[in-house]
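Beneath this line is the structure, given in structure tokens, with notes to follow.
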Amino acid sequence: MTDKIAELFKDPDHARTYADRPRKIVPGFDGLHRIMAQLLVEAAPAKTLVIGGGGGLELRTLIDALPEGRFCAVDPSAEMIAQGRAYLGDPASVDWIEGYTFDAPEGPFDAATCLLTLHFVPDDGAKLETLKAIHSRLKPGAPFVIAHLSIDKTDPASGRRFDRYLKFGSDSEMDPKVLKEAHERVRTQLNCVGPARDEALLREAGFGGIEPVFQGLSWHGWVAYA
Numbered sequence: 187m188t189d190k191i192a193e194l195f196k197d198p199d200h201a202r203t204y205a206d207r208p209r210k211i212v213p214g215f216d217g218l219h220r221i222m223a224q225l226l227v228e229a230a231p232a233k234t235l236v237i238g239g240g241g242g243l244e245l246r247t248l249i250d251a252l253p254e255g256r257f258c259a260v261d262p263s264a265e266m267i268a269q270g271r272a273y274l275g276d277p278a279s280v281d282w283i284e285g286y287t288f289d290a291p292e293g294p295f296d297a298a299t300c301l302l303t304l305h306f307v308p309d310d311g312a313k314l315e316t317l318k319a320i321h322s323r324l325k326p327g328a329p330f331v332i333a334h335l336s337i338d339k340t341d342p343a344s345g346r347r348f349d350r351y352l353k354f355g356s357d358s359e360m361d362p363k364v365l366k367e368a369h370e371r372v373r374t375q376l377n378c379v380g381p382a383r384d385e386a387l388l389r390e391a392g393f394g395g396i397e398p399v400f401q402g403l404s405w406h407g408w409v410a411y412a
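With my numbering applied, the sequence shown corresponds to residues 187 to 412, in that order.
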């Protein structure tokens, strides 16, 4: 995560308005959450690791789908965690960790999720180490659902894909100033890679049974197994 993006998520105003944003820029956002819950329910996990869960959006879906489950939500932003607590009513089933994947308990966990998060992590070894850290905290065979913006910036077609991101947000009536700033950050600061590279990283981290389960424009999602 770049310093500028890290600072953005520490901004109380950004954290406060975050919950309204994903539905306006991620096609099929609610469907992605339903898919995530369905795939995890197959394993009936007792303990789920939720990476980047500070805002509480995916936790709401998981708590409803797994009412007897426990969840460990990890997020580097205290402001996002505060928003998640408020959004969910601070349920007893959620343990909050302010930090990164490496700060999470060793587990083992029965399942894990990482939604709209890995694209912040540089592909300089940090993406792979993050995925390895998640894998090491899972029981063998545990499901892992991951989704994020997946665009190869070296591909000549990448500009068109970023423009589609802008158009979808515009058609969703996102605030034009906020959308323009988000579009610029995505193009210049986000550390996204293409789908083939994302899948290769999952394999290298030790995951198997990798299946594409979601796509909305250039937002891709997979389930993989430890």
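All C-beta atoms, glycine included, are put in the ideal place defined by N, C-alpha and C.
Let me know the secondary structure DSSP gives L324 once reduced to three states.
As a working note, residue 324 is residue 138 in the sequence shown. Looking at L324 - three-state DSSP - the assignment turns out to be strand.
Which listed residue (G214, G217, E228, C300) has its alpha carbon closest to that of C258
As a position in the sequence shown, residue 258 is number 72, starting the count at 1. Measuring from the Cα of C258, the nearest candidate turns out to be C300.
Suppose you measure from the CA of A230 to the CA of T316; what does that come to, to the nearest Å?
Here the question's residue 230 lines up with position 44 in the sequence shown. Here the question's residue 316 lines up with position 130 in the sequence shown. Those two C-alpha atoms are separated by around 24 Å.
Helix, strand or coil for Q224? Go by DSSP, reduced to three states.
Sequence index remark: in the sequence shown, residue 224 carries index 38 (1-based). Q224: helix per DSSP, three-state reduction.
Under the rule that 16 or more other beta-carbon atoms within 10 Å means buried, what is K210, buried or exposed?
Position 24 of the sequence shown, counted from the start, is the residue given in the question as residue 210. Buried, by the Cβ-count rule.
DSSP state of Y411 mapped onto helix, strand, coil
The residue labelled residue 411 in the question sits at position 225 within the sequence shown. Reduced to three states, the DSSP call for Y411 is strand.
Distance check for Y351 and P362, CA to CA, integer angstroms please.
As a working mapping, residue 362 is identified with position 176 in the sequence shown. As a working mapping, residue 351 is identified with position 165 in the sequence shown. Taking C-alpha positions only, P362 is separated from Y351 by approximately 13 Å.
Using DSSP with H/G/I as helix, E/B as strand and the rest coil, what is L235?
Position 49 of the sequence shown, counted from the start, is the residue given in the question as residue 235. Note: L235 maps to strand in three-state DSSP.
Enumerate in chain order the residues of its own chain whose CB-to-CB distance from R347 is below 6 Å, with the five nearest sequence positions on each side excluded.
Here residue 347 is taken as the residue at index 161 of the sequence shown, counted from 1. Taken in chain order, the residues that qualify are I337, S404.
Identify every residue that forms a DSSP beta bridge with P398.
Translated into the one-based positions of the sequence shown, residue 398 becomes position 212. P398 is bridged to W408.
Hey, would you say L226 sits closer than 8 Å to V331, going by beta carbons?
One-based indexing of the sequence shown puts residue 226 at position 40. One-based indexing of the sequence shown puts residue 331 at position 145. Yes, the pair counts as a contact, with Cβ atoms nearer than the cut-off.
From the DSSP output, in three-state form, read off P381 for me.
In the sequence shown, residue 381 corresponds to position 195, counting from 1. P381: helix per DSSP, three-state reduction.
Only counting the same chain, and skipping five residues up and downstream in sequence, which positions put a Cβ closer than 7 Å to that of H321?
Against the sequence shown, residue 321 aligns to sequence position 135. Counting only Cβ-Cβ distances below 7 Å, and skipping sequence neighbours, we find A391, G392, F393, A412.
Starting from the N-terminal side, write out each stretch of the beta strand (DSSP E) that is 3 residues or longer and does not extend beyond the stretch 270–345.
280–284, 297–301, 329–335
Let me make sure I understand the geometry here. Which of L324, Y286, G255, P294 has the alpha-carbon closest to that of V307?
Numbered from its first residue, the sequence shown carries residue 307 at position 121. The shortest Cα separation from V307 among L324, Y286, G255, P294 belongs to Y286.
Label R323 either buried or exposed according to how many other C-beta atoms from any shown protein chain fall within 10 Å of its C-beta, with 16 as the threshold for buried.
Your numbering for residue 323 matches position 137 in the sequence shown. Residue environment for R323: buried (at least 16 other C-beta atoms within 10 angstroms of its C-beta).
Leaving out the 5 sequence neighbours to the left and right, which residues in its chain are closer than 8 Å to G380 when beta-carbon positions are compared?
Counted from its first residue, the sequence shown places residue 380 at position 194. Hits under 8 Å: S336, I337, D338, D341.
Looking at C-alpha atoms only, which residue of A232, A268, G241, I267 is the closest neighbour of A251?
Walking along the sequence shown from the start, residue 251 turns up at place 65. Nearest to A251 by alpha-carbon distance, out of A232, A268, G241, I267, is A232.
Quick check: A297 and P329, are their CB atoms within less than 8 Å of each other?
Against the sequence shown, residue 297 aligns to sequence position 111. Against the sequence shown, residue 329 aligns to sequence position 143. Yes.
Which residues in the same chain as L314 place their Cβ atom closer than 8 Å to its Cβ, once the five residues preceding and following it in sequence are excluded?
Numbered from 1 along the sequence shown, position 128 holds the residue referred to as residue 314. For L314, where only same-chain residues beyond five positions count, the Cβ hits under 8 Å are L387, E390, A391.
Taking buried to mean at least 16 other C-beta atoms within 10 Å of its own C-beta, is R220 buried or exposed?
Position 34 of the sequence shown, counted from the start, is the residue given in the question as residue 220. Exposed is the call here.
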